[in-house]
Amino acid sequence: MSASAGLSLRFLGATGTVTGSRYLVEWQGRRLLVDCGLFQGLKQLRLRNWAPFAVPAASLDAVVLTHAHIDHSGFLPRLVSEGFRGPIHATPGTAELLSILLPDSGRLQEEDARYANRHGFSRHTPALPLYSEAQALQSLKQVRRHEFGRSFDPLPGLTAAFSHAGHIIGAASVHLATAAGSISFSGDLGRPDDPVMLPPAPAPDADIVVIESTYGDRRHAGAPSADALCDVVARTAARGGTTLIPAFAVGRAQAILHALLRLKAERRIPDLPLYLNSPMATQVTRLVQSHVDEHRLTEADRRALVENVRYVRTEDESRALNRPSFPSVIVAASGMATGGRVLHHLEALAPDPRNAVVFVGHQAAGTRGATLLGGAESIRMHGKWVPVRAQIAAIDGMSSHADQAQLLDWLATLKRPPRHVYLTHGEPQSADALRQAIEERFGWPASVPDYLDTVTL
């Protein structure tokens, strides 16, 4: 069966890496893109954001998104600027988050380009953003909302449906069905025991299943992660330091603040001021209040997030946090320290041994987070080397991704065996470990695709 006449799947991203989620589905001469994310981390991956797209943007008929995280949605403004004019299908929660994340992404890229030009540390003259805030706002006009569990037709003869994936507000697994066969994309799967988000729905049956493998080679720590967070915050405060926690603005920032508020209420940590320094995360925290059917937070929990956290809104307020007069905790985006206000805090706080920098999620290869956890004595930021004398710590068990056992349990909910399982969205070791585990537990064919591989049903 030819790709033009039948159903085919081409892997345009999230192969050998946890970023750049992009899958091209072709059906009877039409093209559908599942996810449209930015590549992050290693330079050779980031350069793909600037390379010509694998197919002409104008040739795409539609986009379907699993969720709003930038590594799944952040290339949309660029795709639209290159000529994509079709609908962007998403859940209501994802659509609302896109209206926050994409303009913020464009704004940050413009700010980074201006900063690089002003200080002359870019190798390009002039440094340019991948896209602007205005282009991001333009792309939002093409978003179409669909409720969980209600099917829609992104292409003639191809039906799609969203099911809950946990992970963050709006996150979905995507099921595509045609006369030739079906494909299910797990998206990023949350944890059944997540303290904030509800568990993922059972896996939808399909001929082909594409599953993430971020934590495909490990299990989350059995010890309560709150204990480790409590220990590092208390110790840092005792020596007069500030705890800086890089966290993704969507999902993890709210979960970390929830954990810190619980620790304060239980008097396990001092009554420190808690700062959230991310305009985007501030907006997302408000969004949590209107999606109560997707998370576990009680009314009291939600009220505490509003009343007992200090939200940093202006750049002057942000700069003032770099000169702390007393111990505090700062939660700031981004989670891998690849951009955003957290970089300015790192630059100011990392040289002081009283402080601590705590990572609470996966750190992709090539990111500053991975470099710091690797024991770097200095890191390069804003064109200069910054010494690292602060305590660097990682807390296992606070990730919003399912671990190996939980990924296998999700697959076990399939009512019939798939023809094949493909492992994506993971570093090579993680993806291959999950592949072996799937073959050992279920006996199903499973493989790890390479970049630009194509599969035809």
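Each residue of the sequence shown is one higher than the one before, counting from 129 in the numbering used here.
Don't be surprised by glycine CBs; every beta carbon is placed ideally from N, CA and C.
Predicted, not measured: the structure shown is a model, and the values here were computed from it.
Collapsed DSSP secondary structure at residue i in the structure displayed
i: Ser130; result: With a pLDDT of 39 at Ser130, under the threshold of 50, the modelled position of that residue is not reliable, and the figure given next carries that caveat. Here Ser130 sits in coil by DSSP.
i: Val514; result: strand
i: Met464; result: coil
i: Val302; result: strand
i: Val183; result: coil
i: Ala244; result: helix
i: Arg159; result: strand
i: Val434; result: helix
i: Phe570; result: helix
i: Gly234; result: helix
i: Asp281; result: strand
i: Arg273; result: strand
i: Ile198; result: helix
i: Arg150; result: strand
i: His472; result: helix
i: Ser291; result: strand
i: Ala493; result: coil
i: Val191; result: strand
i: Val420; result: helix
i: Gly221; result: helix
i: Ile216; result: strand
i: Thr584; result: strand
i: Arg441; result: coil
i: Arg482; result: coil
Counted within 10 angstroms of its Cβ, other Cβ atoms place residue i as buried (16 or more) or exposed
i: Trp513; result: exposed
i: Gln491; result: buried
i: His473; result: buried
i: Pro481; result: exposed
i: Val437; result: buried
i: Val434; result: exposed
i: Leu400; result: buried
i: Ser130; result: Here Ser130 scores only 39 on pLDDT, less than 50, and its place in the model is too uncertain to base an answer on.
i: Arg186; result: The displayed chain sequence assigns Ala, not Arg, to residue 186. Exposed is the call here.
i: Asp322; result: buried
i: Trp178; result: exposed
i: Glu505; result: exposed
i: His588; result: An answer regarding residue 588 cannot be provided, because it is not within the stretch 129 to 585 covered by the chain.
i: Gln564; result: exposed
i: Ser462; result: buried
i: Thr219; result: buried
i: Gly294; result: buried
i: Val360; result: buried
i: Phe290; result: buried
Pair within 8 Å by beta-carbon distance, residue i and residue j
i: Pro573; j: Thr143; result: no
i: Gly169; j: Thr495; result: yes
i: Leu160; j: Val192; result: yes
i: Ala518; j: Ala484; result: yes
i: Pro374; j: Val440; result: no
i: Gly221; j: Gln270; result: no
i: Ala460; j: Ser406; result: yes
i: Gly667; j: Asp316; result: Nothing can be reported for residue 667: it is not among the residues displayed for the chain, which extend from 129 to 585.
i: Arg347; j: Asp531; result: yes
i: Leu585; j: Ala308; result: yes
i: Pro479; j: Pro452; result: no
i: Thr194; j: Glu555; result: no
i: Leu326; j: His292; result: yes
i: Leu188; j: Phe212; result: yes
i: Val162; j: Ile336; result: no
i: Ala432; j: Leu389; result: yes
i: Ala190; j: Pro282; result: yes
i: Cys358; j: Arg396; result: yes
i: Pro398; j: Ala356; result: no
For residue j and residue i, believed in contact at Cβ under 8 Å, the rounded distance
i: Gly379; j: Ser528; result: 5 Å
i: Thr306; j: Gly277; result: Actually they are not in contact, since the Cβ atoms of Thr306 and Gly277 sit about 19 Å apart, beyond 8 Å.
i: Ala559; j: Leu551; result: 4 Å
i: Ile458; j: Thr370; result: 6 Å
i: Pro231; j: Glu261; result: 5 Å
i: Asp199; j: Thr253; result: Not really, about 29 Å apart at Cβ, beyond 8 Å.
i: Ala264; j: Pro205; result: 4 Å
i: Glu210; j: Phe181; result: 6 Å
i: Val412; j: Arg430; result: Contact flag wrong, Cβ pair sits at about 13 Å.
i: Val302; j: Ile384; result: That belief does not hold up - the Cβ atoms of Val302 and Ile384 are roughly 28 Å apart, past 8 Å.
i: Val324; j: His386; result: 6 Å
i: Asp524; j: Ala349; result: 4 Å
i: Pro553; j: Ser341; result: What sits at residue 553 in the sequence shown is His, not Pro. Indeed, because the Cβ distance is near 6 Å, the residues count as touching under 8 Å.
i: Leu152; j: Leu140; result: 5 Å
i: Ile311; j: Leu535; result: No, Ile311 and Leu535 are not in contact; Cβ-Cβ is about 18 Å, not under 8 Å.
i: Ala521; j: Val486; result: 5 Å
i: Glu427; j: Ile297; result: The Cβ separation is near 17 Å, so there is no contact.
Item to check | Any beta strand (DSSP E) of 3 or more consecutive residues that is wholly inside the segment 501-566 | outcome: The segment 501-566 contains these whole beta strand (DSSP E) runs: 506-509, 512-515, 519-522, 548-552.
Item to check | Contiguous beta strand (DSSP E) assignments of at least 3 residues, all confined to the segment 329-412 | outcome: 336-340, 371-374, 402-405
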